[in-house]
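Structure, as structure tokens:
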Amino acid sequence: MRWSIFYFKIGLLFNMKTFIYSFMLFLSFSSVFANNLQTSIEKIKASLIIHNGDDIRGNITLLREKDGATITWKSSHPKVISDKDIQLENVNVEAYNIIPAGVVIRQKRDCKVALTATIDFNGLKETKTFNVTVKARPQKKKLEAYIFTFFPSNREEQIYLAAGKDPLHFTDLNGGKPILESTVGNMGVRDPYILRSYEGDKFYLIATDLKVQTQGFETEKGSLYMVVWESLDLINWSKPRLADLGARAFIEEYGQHLGCVYAPEAIYDEFTGEYVVFWTSRIYPNYPATLSGRRYKVFYSRTRDFVHFTPGEIYIDRTPGDIIDTSMIQASDGKYYRVSADGLMSIEKSDYILGEWKTISDLTNLHKRMNGYLKYWADTNVELRGKLIEGPQLFKFNDEDIYGLYSDNYQKPGLGYIPTTTTEISDTTGTKWQLYTRDQYDFGKLRKRHGSIIGITEEEYINLMKKWGR
Numbered sequence: 332m333r334w335s336i337f338y339f340k341i342g343l344l345f346n347m348k349t350f351i352y353s354f355m356l357f358l359s360f361s362s363v364f365a366n367n368l369q370t371s372i373e374k375i376k377a378s379l380i381i382h383n384g385d386d387i388r389g390n391i392t393l394l395r396e397k398d399g400a401t402i403t404w405k406s407s408h409p410k411v412i413s414d415k416d417i418q419l420e421n422v423n424v425e426a427y428n429i430i431p432a433g434v435v436i437r438q439k440r441d442c443k444v445a446l447t448a449t450i451d452f453n454g455l456k457e458t459k460t461f462n463v464t465v466k467a468r469p470q471k472k473k474l475e476a477y478i479f480t481f482f483p484s485n486r487e488e489q490i491y492l493a494a495g496k497d498p499l500h501f502t503d504l505n506g507g508k509p510i511l512e513s514t515v516g517n518m519g520v521r522d523p524y525i526l527r528s529y530e531g532d533k534f535y536l537i538a539t540d541l542k543v544q545t546q547g548f549e550t551e552k553g554s555l556y557m558v559v560w561e562s563l564d565l566i567n568w569s570k571p572r573l574a575d576l577g578a579r580a581f582i583e584e585y586g587q588h589l590g591c592v593y594a595p596e597a598i599y600d601e602f603t604g605e606y607v608v609f610w611t612s613r614i615y616p617n618y619p620a621t622l623s624g625r626r627y628k629v630f631y632s633r634t635r636d637f638v639h640f641t642p643g644e645i646y647i648d649r650t651p652g653d654i655i656d657t658s659m660i661q662a663s664d665g666k667y668y669r670v671s672a673d674g675l676m677s678i679e680k681s682d683y684i685l686g687e688w689k690t691i692s693d694l695t696n697l698h699k700r701m702n703g704y705l706k707y708w709a710d711t712n713v714e715l716r717g718k719l720i721e722g723p724q725l726f727k728f729n730d731e732d733i734y735g736l737y738s739d740n741y742q743k744p745g746l747g748y749i750p751t752t753t754t755e756i757s758d759t760t761g762t763k764w765q766l767y768t769r770d771q772y773d774f775g776k777l778r779k780r781h782g783s784i785i786g787i788t789e790e791e792y793i794n795l796m797k798k799w800g801r
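In this note's numbering, the protein residues as written are 332 to 801.
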């Protein structure tokens with residue numbers, strides 16, 4: 332009996348020591364876990380930003396999640412910057428379900444707003460407040476001139492600029508030298524696209540991150556980024572930055588390899604207050620086991636600040652064929668029109684940017700019925716068809732219901748951009764379209780390769796000519 336009590340006490344003591352050790356180990360692990368949680372949430376807090384918070388001129392991105400944390404927002408002036416999503420109703424398009432928080436209503440004067448983020452990471456919470464400035468809304472100004480962004484050749488892969496008083500006549504600026512050069516990524520840029528912000532007082536310039544003269548047309552292991560510049564006046568530009576526009580997220584989501592990001596463009600979507608960015612990628616469904624089945628398709632994502640993007644999704648698929656170089660516009664009839672290099676230069680129409688699209692015509696068949704075709708053919712001997720043209724740009728003339736559809740005749744010796752114009756993009760007869768002979772337009776000395784044209788004000792034109800008009 333004594334020995335039984337003795338062994339019982341020994342066992343109890345041993346179990347107590349084991350319990351204390353286990354408890355101490357638990358406390359140690361709990362402390363490490365808590366420290367790791369705190370470290371993680373502090374990193375998330377530090378990396379959470381509002382792009383250009385001291386100079387807000389449009390809707391902003393308020394992230395709802397980041398690195399495993401969920402984020403909620405509180406605005407001190409929700410009528411200036413909204414802090415809650417708005418459910419969209421009466422729009423029978425799957426892509427349009429909400430208007431994300433961060434809608435900005437600019438006032439008559441600059442307005443200060445405090446935006447407080449509550450970050451929740453595995454139950455641990457932190458807050459971060461951003462004191463931002465929403466700039467006064469600008470006055471709308473008349474557009475009276477044009478600029479043309481482009482690159483001239485595979486040996487000149489930077490940002491070049493031309494300006495003109497009408498969209499058929501341009502003068503090369505800066506003595507034919509680039510106005511901007513990429514110092515990021517592949518150190519070269521092609522296919523520049525410039526857009527004026529929806530509010531009107533900011534510009535974004537986006538381009539393909541590619542330098543063919545050093546790396547070739549890399550379509551398997553190319554850059555999955557685009558290069559972005561920003562400006563308030565077309566003269567002073569931000570430093571270039573690489574933007575992950577959603578291609579990498581597409582790969583992670585669907586497990587299909589994308590080999591490049593080409594020819595990004597963007598258009599403002601009034602339904603959600605976001606820009607829809609679209610680009611061409613070559614998709615490899617069975618990579619790296621085989622390269623078979625690879626196709627060029629057009630993808631899209633959405634952004635408000637050209638910093639944060641939604642995951643990429645397939646936008647246009649012409650399988651078993653390829654499609655590249657989409658350009659898009661909203662016409663005065665309220666409809667959206669897009670044209671793509673798919674062998675025919677197809678023209679499509681839709682009520683919504685992310686809705687159903689209907690093919691209405693194509694440039695290959697349409698151009699032979701256009702006004703001026705016989706003179707154009709005698710002058711150029713160039714058909715507007717696949718493998719001869721690409722890089723279409725669709726834009727509206729200033730204060731006129733006239734639209735330009737310019738196509739890049741890229742093959743050597745090549746004419747560069749060939750202009751066609753119309754008073755009705757949906758016309759399928761050709762009677763409302765016009766072709767031109769080379770003596771009817773002058774795009775400057777440098778050859779114009781895949782680029783973009785937008786309207787500018789007289790003041791902007793004068794400032795550009797003062798800065799680079801030599």
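For every residue, glycine included, the Cβ atom is placed at its ideal position computed from N, Cα and C.
> How big is the Cα-Cα spacing for ILE720 and ASN423?
Replying inline: To locate residue 720, count along the sequence shown from 1; it is residue 389. To locate residue 423, count along the sequence shown from 1; it is residue 92. Each residue's alpha carbon lies about 36 Å from the other.
>> Can you find the residues in the same chain that come closer than 6 Å, C-beta to C-beta, to PRO431, ignoring five residues on each side of it along the sequence?
In response: As a first step, residue 431 is located in the sequence shown; it is residue number 100 there, counting from the start. Excluding sequence neighbours, PRO431 sits near ASP416.
> Can SER569 and ASN517 be called in contact, C-beta distance under 7 Å?
Replying inline: Position 238 of the sequence shown, counted from the start, is the residue given in the question as residue 569. Position 186 of the sequence shown, counted from the start, is the residue given in the question as residue 517. Contact check for SER569 against ASN517 fails: the beta carbons are separated by 7 Å or more.
>> Just to confirm the assignment, what range does the alpha helix (DSSP H) spanning ARG545 have?
In response: Counting from one through the sequence shown, the residue named residue 545 turns up at place 214. Arg is not the amino acid found at residue 545; the sequence shown has Thr there. THR545 -> alpha helix (DSSP H) spans 543-546.
>> Tell me which residues share the same chain as THR751 and place their Cβ nearer than 8 Å to its Cβ, disregarding the 5 neighbours each side in the sequence.
In response: In the sequence shown, the residue the question calls residue 751 occupies position 420. Excluding positions up to five away in sequence, the list reads LEU694, HIS698, MET701, LEU715, GLY735, LEU736, TYR737, SER738, TRP764, GLN765, LEU766, TYR767.
> Taking the alpha-carbon positions, what's the GLY782 to PHE482 distance?
Replying inline: Counted from its first residue, the sequence shown places residue 782 at position 451. Counted from its first residue, the sequence shown places residue 482 at position 151. GLY782 and PHE482 have their C-alpha atoms roughly 7 Å apart.
> Given 8 Å as the limit, is there contact between the stretch 606-614 and the stretch 584-597, that is, 3 or more CB pairs closer than that?
Replying inline: Counting Cβ pairs under 8 Å, three or more are found: they touch.
>> Using only the alpha-carbon positions, how far apart do GLN771 and THR447 sit?
In response: Against the sequence shown, residue 771 aligns to sequence position 440. Against the sequence shown, residue 447 aligns to sequence position 116. The alpha-carbon atoms of GLN771 and THR447 are separated by roughly 57 Å.
>> Please list the terminal residues of the continuous alpha helix (DSSP H) segment that includes ARG769.
In response: If you number the sequence shown from 1, residue 769 lands on position 438. ARG769 -> no alpha helix (DSSP H), and no H or E assigned at all.
> With respect to the alpha helix (DSSP H) encompassing ARG579, which residues constitute its N-terminal and C-terminal limits?
Replying inline: Here residue 579 refers to the residue found at position 248 when the sequence shown is read from its first residue. Note, ARG579: alpha helix (DSSP H), 578-585.
> Looking at C-alpha atoms only, which residue of ASP673, VAL670, VAL608 is the closest neighbour of THR641?
Replying inline: The residue you call residue 641 lines up with position 310 of the sequence shown. Ranked by Cα distance from THR641, the options ASP673, VAL670, VAL608 are led by VAL608.
> Taking all protein chains shown into account, do 16 or more other C-beta atoms lie within 10 angstroms of the C-beta of ARG521, making it buried, or fewer, making it exposed?
Replying inline: Counting from one through the sequence shown, the residue named residue 521 turns up at place 190. Taking every protein chain shown into account, the CB of ARG521 has 16 or more other CB atoms within 10 angstroms, so this residue is buried.
> What's the C-alpha gap between ASP648 and ILE654?
Replying inline: Residue 648 sits at position 317 when you count from the first residue of the sequence shown. Residue 654 sits at position 323 when you count from the first residue of the sequence shown. As the crow flies, the alpha-carbon of ASP648 is around 7 Å from that of ILE654.
> Would DSSP call TRP688 helix, strand or coil?
Replying inline: As a position in the sequence shown, residue 688 is number 357, starting the count at 1. In the structure shown, TRP688 sits in coil (DSSP, three-state: anything other than H, G, I, E or B).
> So, GLY800 versus ARG778, is the Cβ gap smaller than 7 Å?
Replying inline: On the sequence shown, position 469 is the one that residue 800 refers to. On the sequence shown, position 447 is the one that residue 778 refers to. Result no, Cβ atoms of GLY800 and ARG778 do not sit closer than 7 Å.
>> Quick check on DSSP: helix, strand or coil for GLY507?
In response: For the purposes of this step, residue 507 is identified with residue 176 of the sequence shown, where counting begins at 1. Residue state, collapsed to three classes: helix.
> Which same chain residues, not among the five before or five after ASP758, have their C-beta less than 7 Å away from its C-beta?
Replying inline: Position 427 of the sequence shown, counted from the start, is the residue given in the question as residue 758. The residues are TRP764.
> Since ASP710 is in the alpha helix (DSSP H), which residue starts that stretch and which ends it?
Replying inline: Here residue 710 refers to the residue found at position 379 of the sequence shown. 704-711 is the span of the alpha helix (DSSP H), which, as asked, contains ASP710.
>> Rounded to whole angstroms, what is the Cα-Cα separation between TYR593 and GLY745?
In response: Start at 1 with the first residue of the sequence shown, and residue 593 comes out as number 262. Start at 1 with the first residue of the sequence shown, and residue 745 comes out as number 414. Distance between the alpha carbons of TYR593 and GLY745: 21 Å.
>> Would ALA494 and ILE510 be called neighbours here (beta carbons separated by less than 7 Å)?
In response: Indexing the sequence shown from 1 puts residue 494 at position 163. Indexing the sequence shown from 1 puts residue 510 at position 179. The answer is no: Cβ separation not under 7 Å.
> Should the stretch 459-467 be regarded as contacting the stretch 627-643, the criterion being three or more beta carbon pairs within less than 8 Å?
Replying inline: The stretch 459-467 makes no contact with the stretch 627-643; the number of CB pairs closer than 8 Å stays below 3.
> Nearest CA to the CA of GLN546: which residue from ALA574, ARG486, GLU605, ALA580?
Replying inline: What you label residue 546 is simply residue 215 of the sequence shown in a count that begins at 1. If we check each option's Cα against that of GLN546, ARG486 comes out closest.
>> By the three-class DSSP mapping on this structure, what secondary structure does HIS698 have?
In response: Stepping through the sequence shown from its first residue, residue 698 is reached at position 367. In this structure, HIS698 counts as helix in the three-state DSSP scheme.
> If you run the structure through DSSP and keep just helix, strand and coil, what is GLU644?
Replying inline: For the purposes of this step, residue 644 is taken as the residue at position 313 of the sequence shown. Correct three-state label for GLU644: strand.
> Looking only at DSSP bridge pairs, what is ALA396 linked to?
Replying inline: By one-based count along the sequence shown, residue 396 stands at place 65. Note that residue 396 is Glu in the sequence shown, not Ala. GLU396 pairs with THR401.
> Where does the unbroken alpha helix (DSSP H) through LYS797 begin, and where does it stop?
Replying inline: Taking the sequence shown and counting its residues from 1, the one referred to as residue 797 is at position 466. Judged by DSSP secondary structure, LYS797 falls within the alpha helix (DSSP H) whose first and last residues are 789-799.
>> Quick check: what's the CA-CA separation for LEU573 versus LEU705?
In response: For the purposes of this step, residue 573 is taken as residue 242 along the sequence shown, with counting starting at 1. For the purposes of this step, residue 705 is taken as residue 374 along the sequence shown, with counting starting at 1. The straight-line gap from Cα to Cα measures roughly 45 Å.
>> From the DSSP secondary-structure annotation, give me the bridge partner or partners of ASP664.
In response: Within the sequence shown, numbered from 1, the residue matching residue 664 stands at position 333. Among the bridge pairs identified by DSSP, ASP664 is matched with none.
> Can you pull the DSSP bridge partners for ILE429?
Replying inline: Here residue 429 refers to the residue found at position 98 when the sequence shown is read from its first residue. Checking the DSSP bridge columns, you'll see ILE429 partnered with GLN418.
> Is the stretch 529-539 touching the stretch 462-473 in the sense that three or more CB pairs, one from each, lie closer than 8 Å?
Replying inline: Between the stretch 462-473 and the stretch 529-539 there are three or more inter-stretch CB-CB distances shorter than 8 Å, so the stretches are counted as touching.
> Looking only at its own chain, which residues have a Cβ that is under 6 Å from the Cβ of GLU791, when we skip the five neighbours before and after it?
Replying inline: Locating residue 791 in the sequence shown gives position 460, counting from the first residue. Within the same chain, and ignoring the five residues on either side of GLU791 in sequence, the residues whose Cβ sits closer than 6 Å to its Cβ are LEU565.
>> Beta-carbon within less than 7 Å of LEU358's beta-carbon, same chain only, minus the 5 sequence neighbours each way: which residues are those?
In response: Indexing the sequence shown from 1 puts residue 358 at position 27. Only weak support exists for where LEU358 lies, its pLDDT of 46 falling under 50; the coordinates are left without a value.
> To which residues of the same chain is ARG625 closer than 7 Å at the C-beta, ignoring the five residues directly before and after it?
Replying inline: One-based indexing of the sequence shown puts residue 625 at position 294. Around ARG625: ARG613, ILE614, TYR615.
>> Between which residues of its own chain and LYS443 is the CB-CB distance below 7 Å, once the five residues before and five after are set aside?
In response: The sequence position of residue 443 within the sequence shown is 112, counting from 1. Short of 7 Å from the beta carbon of LYS443, and not among the five residues preceding or following it, lie these beta carbons of its own chain, in chain order: ASN462, THR464.
> Leaving out the 5 sequence neighbours to the left and right, which residues in its chain are closer than 7 Å to PRO523 when beta-carbon positions are compared?
Replying inline: As a first step, residue 523 must be located in the sequence shown, where it is residue number 192. Only THR480, PHE481, PHE482, ILE490, LEU536, ALA538, GLY782, SER783 meet the Cβ criterion.
> If you drop the 5 nearest sequence neighbours on each side, which residues of the same chain put their C-beta closer than 8 Å to that of SER623?
Replying inline: For the purposes of this step, residue 623 is taken as residue 292 along the sequence shown, with counting starting at 1. A distance below 8 Å between beta-carbons, with the five flanking residues on each side excluded, links SER623 to the following residues of its chain, in chain order: ASN617.
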